[in-house]
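Novice: One structure is given below, represented as structure tokens, and several questions about it will come after.
In the numbering used here, the protein residues as written are 608 to 871.
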């Protein structure tokens, strides 16, 4: 069974003490590729350093996280653009709009998202979209700027069935993680009704650990609980669920990495 964790922050300080063990455990359960989303200039160098340490397994993204959009966001975007034009990345992300934590810079978040989406269009890269409490706003922005030449994934999708179907109809994917294992999550009923070809799996480690590990530091090895839940929903084997989501990830991210060489 081969699995791609399409969203994990293994370069953060939470993994400083036991990173090699975390990676080994993930590989042991079948996670052979890890996609690393960017946050801001305080972590870009850590992200790239980690990628260089595990070039066969780790693939970096570049972007400005919406919660890092502050007064100096144009300076941060200039740094992002510098990296994008001087290094190879699998996607632009994570980018988007976050209306959960703080709405002070909502207008700036929208502008930063539009700018980075345009870069993605120009560079032919997918976007990895952060949409906490903002799925409808982001869909409106994408309609405004146009979907042509854009592809990507709604990381940690938390919207409605109608929004999920719209996202898939536009050729975008749903990033599904540990939240789908939570008792009160509506994701199970949504995932049961969206096309399987538009679902990828992720952990968002160290955040959002699945049942039975809620309250602990999340790690890529625990993506197996998400795969098992998808298998239960789709009424297929975990191996088949892993195969479907891995093929989807390859299709989405294959331009700037060798995911297509991954044997399913």
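Every residue, glycine too, gets a C-beta built ideally from N, C-alpha and C.
#1: Alpha carbon to alpha carbon, how far is residue 680 from residue 839? Give it in angstroms, no decimals.
#2: Report yes or no: do the stretch 788–800 and the stretch 728–748 share at least 3 C-beta pairs separated by less than 8 Å?
#3: With distances taken between CB atoms, is the gap from residue 775 to residue 797 smaller than 8 Å?
#4: Which same chain residues, not among the five before or five after residue 743, have their C-beta less than 8 Å away from its C-beta?
#5: Kindly indicate which three-state DSSP category residue 802 falls into: helix, strand or coil?
#6: By the three-class DSSP mapping on this structure, what secondary structure does residue 789 have?
#7: Residue 763 and residue 782 look like a contact to me (Cβ under 8 Å); what is the Cβ gap, rounded to whole Å?
#8: Measure the CB-CB distance between residue 615 and residue 641 and report whether it falls below 8 Å.
#9: Whose CA, out of 624, 637 and 701, lies closest to the CA of residue 611?
#10: State yes or no: is the C-beta of residue 810 within less than 8 Å of the C-beta of residue 830?
#11: Would you kindly work out how many angstroms separate the C-alpha atoms of residue 816 and residue 824, rounded to a whole number?
#12: Suppose you measure from the CA of residue 801 to the CA of residue 621; what does that come to, to the nearest Å?
#13: Which partner residues of residue 707 appear in the DSSP bridge assignment?
#14: Looking only at DSSP bridge pairs, what is residue 667 linked to?
#15: Could you check how far apart the C-beta atoms of residue 740 and residue 707 are, in whole angstroms? I think they sit under 8 Å.
#16: Beta carbon of residue 650, beta carbon of residue 618: below 8 Å?
#17: Could you spell out the range, first to last residue, of the alpha helix (DSSP H) harbouring residue 860?
#18: Using the three-state DSSP reduction, which class does residue 614 fall into: helix, strand or coil?
#19: Mapping the DSSP letters down to three states, classify residue 832 as helix, strand or coil.
#20: Output needed for residue 728: all residues of its chain with C-beta closer than 7 Å, excluding positions within five of it in sequence on either side, in chain order.
#21: Beta carbon of residue 645, beta carbon of residue 670: below 8 Å?
#22: How is the alpha helix (DSSP H) around residue 748 delimited, first residue to last?
#23: Kindly list the residues whose CB is nearer than 6 Å to the CB of residue 803, restricted to its own chain and excluding five residues on each side of it in sequence; keep chain order.
Specialist: Let me lay it out:
#1: Stepping through the chain shown from its first residue, residue 839 is reached at position 232. Stepping through the chain shown from its first residue, residue 680 is reached at position 73. Answer to the nearest angstrom: the Cα atoms are 43 Å apart.
#2: no
#3: Along the chain shown, one-based indexing puts residue 775 at 168. Along the chain shown, one-based indexing puts residue 797 at 190. For residue 775 and residue 797, no; Cβs fall outside 8 Å.
#4: As a working mapping, residue 743 is identified with position 136 in the chain shown. Counting only Cβ-Cβ distances below 8 Å, and skipping sequence neighbours, we find 766 and 770.
#5: Translated into the one-based positions of the chain shown, residue 802 becomes position 195. Looking at residue 802 - three-state DSSP - the assignment turns out to be coil, as it is neither helix nor strand.
#6: Against the chain shown, residue 789 aligns to sequence position 182. If DSSP states are grouped into helix, strand and coil, residue 789 belongs with coil.
#7: Counting from 1 along the chain shown, the entry for residue 763 is found at position 156. Counting from 1 along the chain shown, the entry for residue 782 is found at position 175. With a Cβ gap of about 6 Å, residue 763 and residue 782 count as contacting.
#8: Here residue 615 refers to the residue found at position 8 when the chain shown is read from its first residue. Here residue 641 refers to the residue found at position 34 when the chain shown is read from its first residue. Against a cut-off of 8 Å, the Cβ pair of residue 641 and residue 615 comes out as a contact.
#9: The sequence position of residue 611 within the chain shown is 4, counting from 1. Checking every option, the nearest Cα to that of residue 611 belongs to 637.
#10: If you number the chain shown from 1, residue 810 lands on position 203. If you number the chain shown from 1, residue 830 lands on position 223. In this structure, residue 830 lies closer than 8 Å to residue 810 by Cβ.
#11: Taking the chain shown and counting its residues from 1, one reaches residue 816 at position 209. Taking the chain shown and counting its residues from 1, one reaches residue 824 at position 217. The straight-line gap from Cα to Cα measures roughly 7 Å.
#12: The residue given as residue 801 occupies position 194 in the chain shown. The residue given as residue 621 occupies position 14 in the chain shown. Taking the straight line joining both Cα atoms gives about 34 Å.
#13: Residue 707 sits at position 100 when you count from the first residue of the chain shown. In the DSSP output, where bridge partners are listed per residue, residue 707 has none listed.
#14: As a first step, residue 667 is located in the chain shown; it is residue number 60 there, counting from the start. DSSP, once it has assigned bridges, lists 643 as partnering residue 667.
#15: The count along the chain shown starts at 1 and reaches residue 740 at position 133. The count along the chain shown starts at 1 and reaches residue 707 at position 100. 4 Å between Cβ atoms; contact.
#16: Working through the chain shown from its first residue, we reach residue 650 at position 43. Working through the chain shown from its first residue, we reach residue 618 at position 11. Cβ atoms of residue 650 and residue 618: closer than 8 Å.
#17: The sequence position of residue 860 within the chain shown is 253, counting from 1. From DSSP, the alpha helix (DSSP H) with residue 860 extends over 845–860.
#18: Taking the first residue of the chain shown as position 1, residue 614 is located at position 7. Residue state, collapsed to three classes: coil.
#19: Here residue 832 refers to the residue found at position 225 of the chain shown. Looking at residue 832 - three-state DSSP - the assignment turns out to be helix.
#20: Reading the chain shown from its first residue, position 121 is the one you call residue 728. The residues are 756 and 757.
#21: What you label residue 645 is simply residue 38 of the chain shown in a count that begins at 1. What you label residue 670 is simply residue 63 of the chain shown in a count that begins at 1. Yes, the Cβ-Cβ distance between residue 645 and residue 670 is below 8 Å.
#22: Residue 748 sits at position 141 when you count from the first residue of the chain shown. 742–752 is the extent of the alpha helix (DSSP H) around residue 748.
#23: Residue mapping note: residue 803 aligns to position 196 of the chain shown, counting from 1. So the qualifying residues of the chain are 851.
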